[in-house]
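Heads up, the thing below is written out as structure tokens.
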């Protein structure tokens, strides 16, 4: 993780210079044909994932990775409040509201899971019981490296334990941990989301596969991505049970039918070359997405279209893609802020995709 954040720090000042980092007041609206940046996160805090409590859809909870905090934002008024983690070097990662009503998230370097009460922002920590390469357990900083958390398939918060090459689970009632090692070494699970039926689906960024784990039987199945070294990152499941995935290095995305095992693959450059892609937004917005699409986290909207970020994290992208499986057309929406690095996506609202900008510090919404 030290190497990861060492790679982030040099680009943050550049991205910051290109972004507008002033707070635009309680009702900041910076528009660009479909995308609204409704608020701004603290400078250099690297906001990523956004989640909403099902009973409070006007309140966005945003993880601030470098800021080591969770930010609560009223998307209507713009009112914000920051809740720092107890662990000063925990680094919050993927998060999800679970059936118990709490926001659960992992700590990239903190060796534990955290439960946040949305009523007051208070946090309860649950340290991992495992030791990896280190001989000493219960370290404040470690190498288990959890990246993403999801659930709502059972009474568990499921997470990717990249440092352990496994899928983990904490029971949200008993707080007992379970660990399920992946069949292949050095797979490095990254993103996890609800999958088809009773499964969770996850990406293997180094293994070049997409996997599923049944929450009842714990059976793991894996699906190879055709293009080697695609760096599989995003995964999502549509209403028909079809898995959508993205390959960041491959510039590709596609589907997996778990009933037949069929894997399809689509290249963004091919869509562009065929004249089936349209770019929408302020042409003054710049970023890496025009030259390198670098698709990342993906979600399926209620409109049936597939949304993915282009150039998330330190890749300095500035687009959110919208792919229509019926027409095979791609619309690429420019973020108002250049070099924004749009991070994870949220599709809980029925008419919009919410996201945060890792290097641009903006909190955005794409209305559809």
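Numbering (the numbering used here), first residue to last: 3 to 370. For every residue, glycine included, the Cβ atom is placed at its ideal position computed from N, Cα and C.
{"Asked": "Between the C-alpha atoms of residue 262 and residue 244, what's the straight-line distance to the nearest angstrom?", "Found": "11 Å"}
{"Asked": "Roughly how many angstroms separate the alpha carbons of residue 99 and residue 169, rounded to a whole number?", "Found": "19 Å"}
{"Asked": "Measuring straight from C-alpha to C-alpha, what distance separates residue 309 and residue 122?", "Found": "32 Å"}
{"Asked": "Return the CA-CA distance between residue 66 and residue 301, expressed in angstroms with no decimal places.", "Found": "21 Å"}
{"Asked": "Under three-state DSSP, which class holds residue 166?", "Found": "helix"}
{"Asked": "On the DSSP bridge list, what partners appear for residue 320?", "Found": "BP columns for residue 320 are empty, so no partner."}
{"Asked": "In whole angstroms, what is the alpha-carbon distance linking residue 102 and residue 345?", "Found": "26 Å"}
{"Asked": "Looking at the unbroken beta strand (DSSP E) that takes in residue 117, where does it start and where does it end?", "Found": "114-118"}
{"Asked": "Could you please give me the residues that DSSP links to residue 98 through a beta bridge?", "Found": "106"}
{"Asked": "Only counting the same chain, and skipping five residues up and downstream in sequence, which positions put a Cβ closer than 7 Å to that of residue 196?", "Found": "152, 154, 155, 202 and 239"}
{"Asked": "Pair every Cβ in the segment 324-334 with every Cβ in the segment 207-227, then say whether three or more of these pairs are closer than 8 Å.", "Found": "no"}
{"Asked": "Provide the residue span of the beta strand (DSSP E) that contains residue 301, from first to last.", "Found": "297-302"}
{"Asked": "Going by the beta-carbon positions, is the gap between residue 52 and residue 108 smaller than 7 Å?", "Found": "no"}
{"Asked": "Please identify the residue among 333, 213, 230 and 257 whose C-alpha is closest to the C-alpha of residue 223.", "Found": "213"}
{"Asked": "Kindly indicate which residue of 91, 48 and 90 has the alpha-carbon position closest to the one of residue 73.", "Found": "48"}
{"Asked": "Are the CB atoms of residue 71 and residue 84 within a distance shorter than 7 Å?", "Found": "yes"}
{"Asked": "Verify whether the separation of the beta carbon atoms of residue 173 and residue 96 is less than 7 Å.", "Found": "no"}
{"Asked": "Which of the three DSSP states, helix, strand or coil, is assigned to residue 231?", "Found": "coil"}
{"Asked": "Write down the C-beta distance between residue 111 and residue 93 rounded to the nearest angstrom, noting that I regard them as a contact closer than 8 Å.", "Found": "5 Å"}
{"Asked": "Looking at the strands, I want to know which residues DSSP matches up with residue 326.", "Found": "In DSSP, residue 326 forms no bridge with anything."}
{"Asked": "Of the residues 330, 165, 341 and 365, which one's Cα is nearest the Cα of residue 321?", "Found": "341"}
{"Asked": "Report buried or exposed for residue 286, applying the criterion of at least 16 other Cβ atoms within 10 angstroms of its Cβ.", "Found": "exposed"}
{"Asked": "Given residue 190, which residues of its chain have a CB within under 7 Å of its CB, disregarding the five upstream and five downstream residues?", "Found": "164, 167, 206, 207, 208 and 209"}
{"Asked": "DSSP on residue 315, reduced to helix/strand/coil?", "Found": "helix"}
{"Asked": "Using three-state DSSP, classify residue 274 as helix, strand or coil.", "Found": "helix"}
{"Asked": "In chain order, what residues of the same chain have a beta carbon less than 8 Å from the beta carbon of residue 296, not counting five sequence neighbours either side?", "Found": "250, 251, 253, 290, 312, 313, 314, 317 and 319"}
{"Asked": "How many Å lie between residue 356 and residue 299 at the Cα?", "Found": "12 Å"}
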